[in-house]
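J.:
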Amino acid sequence: MTGAPASAAGGTGRPAPGGKLGAAAVNQASLWNIANILTMVRLLLVPGFVVLMLMDGGHDPVWRAWAWAAFAVAMITDVFDGHLARTYNLVTDFGKIADPIADKAIMAAGLICLSALGDLPWWVTGVILFRELGITLMRFWVIRHGVIPASRGGKLKTLAQGTAVGMYVLVLTGPLATLRWWVMAVAVALTVVTGLDYVRQAVMLRRKGLAAERSAARDRAESSR
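Per numbering that gives the first Met the number 0, the very first residue in the sequence shown carries number 0; after that it's consecutive.
(1) So, residue 84 versus residue 34, is the Cβ gap smaller than 8 Å?
(2) Taking only three categories from DSSP, how would you classify residue 35?
(3) Taking residue 219 as part of the alpha helix (DSSP H), name the residues at either end of that continuous run.
(4) Please report the residue range of the alpha helix (DSSP H) in which residue 99 lies.
(5) Are at least three pairs of beta-carbons, each pair with one atom in the segment 122 to 134 and one in the segment 62 to 75, less than 8 Å apart?
(6) So does the segment 57 to 68 actually touch the segment 94 to 104, counting three or more Cβ pairs closer than 8 Å?
(7) Would you say the segment 111 to 118 touches the segment 76 to 90, given that touching needs at least three Cβ pairs under 8 Å?
(8) In three-state terms, what does DSSP make of residue 151?
(9) Residue 75 by DSSP, collapsed to three states: which one?
(10) Any idea what DSSP makes of residue 56, helix, strand or coil?
(11) Does the separation of the CB atoms of residue 140 and residue 211 fall below 8 Å?
(12) Hey, how far is the Cα of residue 209 from the Cα of residue 144?
(13) Check residue 80 in the structure and name its three-state DSSP category.
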């Protein structure tokens, strides 16, 4: 089991404490940390949220209130799982992949449900989802050159989107219905502005990365002469 004969482990046939099995057990245990559990809860909330949103035709205030509760829990876990992972060194490969997927899944579910029910114009949903998908693809485009840190504008964008979608999920009338329109307008504006800024930073980062690679290649060529 450890790559060594039983006699090397004291003749008992049991794996040595520092062997591969022990390391694998530690790695497996680290996957089930509180940050990853919160991420998985958020993923599981997505189908539940969709079901609650579409119950009884999708316009029942009670079911919409329950859907809002599910959406709110998902947004809260989004705040805490990343904070816990960074604070307590619980960052895992699973979390790096699952966390952004969970974030975009709950937001996409909310936007698509609202547009399908006629509560939100499809162009709003299209703009937000196009931006999120485009930025995700761009991250892969420049990842070998570096990582662009989250900006204050990006954090405000996420807050505005979550607040706006949450307000649209609830059945609101009067001044609150007018207020949510303005909150969504702010969210869309921040979505576009921060998206363009991310593209600018990504292009600059890639140019610097390529320039550094060309310079390193010239240095290696000169040193080999």
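The beta-carbon is built from N, C-alpha and C at its ideal position, and this holds for glycine as well.
Just so it is clear, the structure is predicted and the values come from calculations on it, not from any experiment.
T.: Working from what's here:
(1) Position 85 of the sequence shown, counted from the start, is the residue given in the question as residue 84. Position 35 of the sequence shown, counted from the start, is the residue given in the question as residue 34. The answer is yes: Cβ separation under 8 Å.
(2) Residue mapping note: residue 35 aligns to position 36 of the sequence shown, counting from 1. Three-state DSSP puts residue 35 in a helix.
(3) Stepping through the sequence shown from its first residue, residue 219 is reached at position 220. Element bounds for residue 219: 174 to 222.
(4) Mapped onto the sequence shown, residue 99 falls at position 100. Its alpha helix (DSSP H) spans residues 92 to 115.
(5) no
(6) no
(7) no
(8) Here residue 151 refers to the residue found at position 152 of the sequence shown. Three-state result, residue 151: helix.
(9) In the sequence shown, residue 75 corresponds to position 76, counting from 1. Helix, per DSSP.
(10) Position 57 of the sequence shown holds residue 56. It is helical.
(11) On the sequence shown, residue 140 is found 141 positions in, with the first residue counted as 1. On the sequence shown, residue 211 is found 212 positions in, with the first residue counted as 1. Their beta carbons are not under 8 Å apart, which means residue 140 does not touch residue 211 by this criterion.
(12) Numbered from 1 along the sequence shown, position 210 holds the residue referred to as residue 209. Numbered from 1 along the sequence shown, position 145 holds the residue referred to as residue 144. C-alpha separation (whole angstroms): 8 Å.
(13) Against the sequence shown, residue 80 aligns to sequence position 81. In this structure, residue 80 counts as helix in the three-state DSSP scheme.
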